[in-house]
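What follows is one structure encoded as structure tokens, with my remarks underneath.
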Amino acid sequence: MRPQIPAATIFFSVVVMMATRLGSLNALEQEKGNLFWRKWLKRPLPSADTMGRGFSRMDLEAIRSSLRHVYLRLKRNKAIPKTSGFHALVLDGHESSASYLRCCPGCLQRTVHTQGADRTQYYHRNVVAMLLGEPFPILLDVEELRPGEDEVAATRLSRRVLKRYPRAFKLAVVDGLYLRANFFQLFLEHGKDIIAVLKDENRDLLEDARALFPLENASVEDDGKTRRQVWDIEGFESWESLGREIRVVRSVETRSFRRQLTGQAEQQTSEWIWATTLSREKASTSAVVRLGHLRWRIENRALNEMVISWSADHVYRHHPTAITAFWLTLMLVLNLFRAFLFLNIKPCRRAGHSQLYFARLLFSDLCRENSSNIPAELSP
Ligand SMILES: [Zn+2]
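Last residue of the sequence shown: 620 in the working numbering, with the numbers rising by one and none dropped.
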């Protein structure tokens, strides 16, 4: 019988793999000769296979509790500033892997029409919850979509976040996908406001708003090279299933820029429309516009960064529990890494270096068997 390797040993081995951006369990296993592991884990590094198997049995609630613990520490240290007067929750859907060959009981399926024939593609999709924040978002939780689900997973995630983080935010800022009455009502029941992108999904409200915009005066704001014409109208009743009035804010934005190749001056116009339960007393027009934009920017930046720089989409082990456990672990590592970077390292030492530079420093430290730069919070 093989000796039992504690879950904590496996978990903290993966924490180091992620913090140092090794990218795969096999790459981590290559480091097994490093004396660092004796100091860090007090035992040898488990094999890649053992770590993969361990993660498919990992206690997800234990990792979620660690995420909450880090959030509470940051909050106690007043390290989570408000944005435009709010602590805001952001939800974002993300497709995390796709394959024609491999599937697991948690895989979603779709038919892809290729030149030769129709093929079944297997993929995973999740919803990520994070707190809007500068200089870094705080990642809170993730929920996998189960086969046959769409926005239900976001509701499940929202219920859990509302229960676990009841005072962490007063506002949720979400994509048009969640512009649904039951979703809005869930947040309203918990005393939270919500801002959602207004899209075709809510045709009555959108048509009503479009009919009113030309009759109302827009305010004009200049923000650097961008000019915004903004309409802000309260009291729409056309979203009947919501059972209450709603406010709509529209921003038509014209950005002036010069083409690099030709040197020609050009303008680019974009339109943004949001529906919100926030009254004007609670949030000004520019606050709604700013929060709506920030959600888009932060959700893109946070998820792109997780995927491109931190291998979030890598399938370390193709198993439903393992996939969620690896995502939750990466969220924990990133919160700690960014907190360490932005709160512990002096701005003058940080200046001119990317986050990846510091991740590489951690890795070179690991190679030198000198772990002094690894944050104490990451210790087992
Ligand atoms: Zn799968």
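Beta carbons: idealized from backbone N, C-alpha and C, even for Gly.
The count of Cβ pairs closer than 8 Å, one atom from the stretch 367-384 and one from the stretch 319-337, reaches three, so the stretches are in contact. Look at the stretch 376-451 and you find these whole runs of alpha helix (DSSP H), each 4 residues long or longer: 392-404, 421-429. Collapsing the DSSP output to three states places Tyr363 in a strand. Here the C-alpha atom of Leu570 lies approximately 25 Å from the C-alpha atom of Gly592. In the displayed model, Met298 falls within coil according to three-state DSSP, outside both helix and strand. For Asp462, the pairing in a beta bridge is given by DSSP as Arg467. Note on geometry: alpha-carbon atoms of Lys432 and Leu411 lie some 5 Å from one another. By the Cβ-count criterion, Asn540 is exposed, with fewer than 16 other Cβ atoms from all chains shown falling within 10 Å of its own Cβ. Here Trp514 is bridged, per DSSP, to Val437, Val489. The straight-line gap separating the alpha-carbon atoms of Gly263 and Val573 is approximately 14 Å. With the rule of 3 Cβ pairs closer than 8 Å, the stretch 548-568 counts as touching the stretch 289-307.
Apart from the 5 residues on each side of it in sequence, Gln270 has no Cβ closer than 8 Å to any other Cβ in its chain. For Ala338, the enclosing beta strand (DSSP E) starts and ends at 328-339. If you draw a straight line from the Cα of Cys588 to the Cα of Phe326, it comes to about 29 Å. When Cβ pairs closer than 8 Å are counted between the two stretches, the stretch 537-554 is seen not to touch the stretch 501-511, the count staying below three.
Residue pairing from DSSP places Ser496 in a beta bridge opposite Gln507. For Arg468, the CB contacts under 6 Å within the same chain, skipping 5 residues up- and downstream, are Glu461, Ser491, Glu493 in chain order. Here the alpha carbon of Glu456 sits roughly 17 Å from the alpha carbon of Trp514. Fewer than three Cβ pairs drawn from the stretch 431-447 and the stretch 380-395 lie within less than 8 Å of each other, which leaves the two stretches out of contact. Looking from the CA of Gln349, the closest CA among Gly273, Ser594, Gly388 belongs to Gly388. Looking from the CA of Arg495, the closest CA among Leu285, Leu583, Ser519, Ala505 belongs to Ala505. Per DSSP, Val555 lies in no alpha helix (DSSP H) and is assigned neither H nor E.
Phe497 is not a Cβ neighbour of Lys522, given a cutoff of 8 Å. Leu531 places its beta carbon less than 8 Å from that of Ser324. Counting every other CB atom within 10 Å of its CB across the protein chains shown gives Thr351 a total below 16, marking it as exposed.
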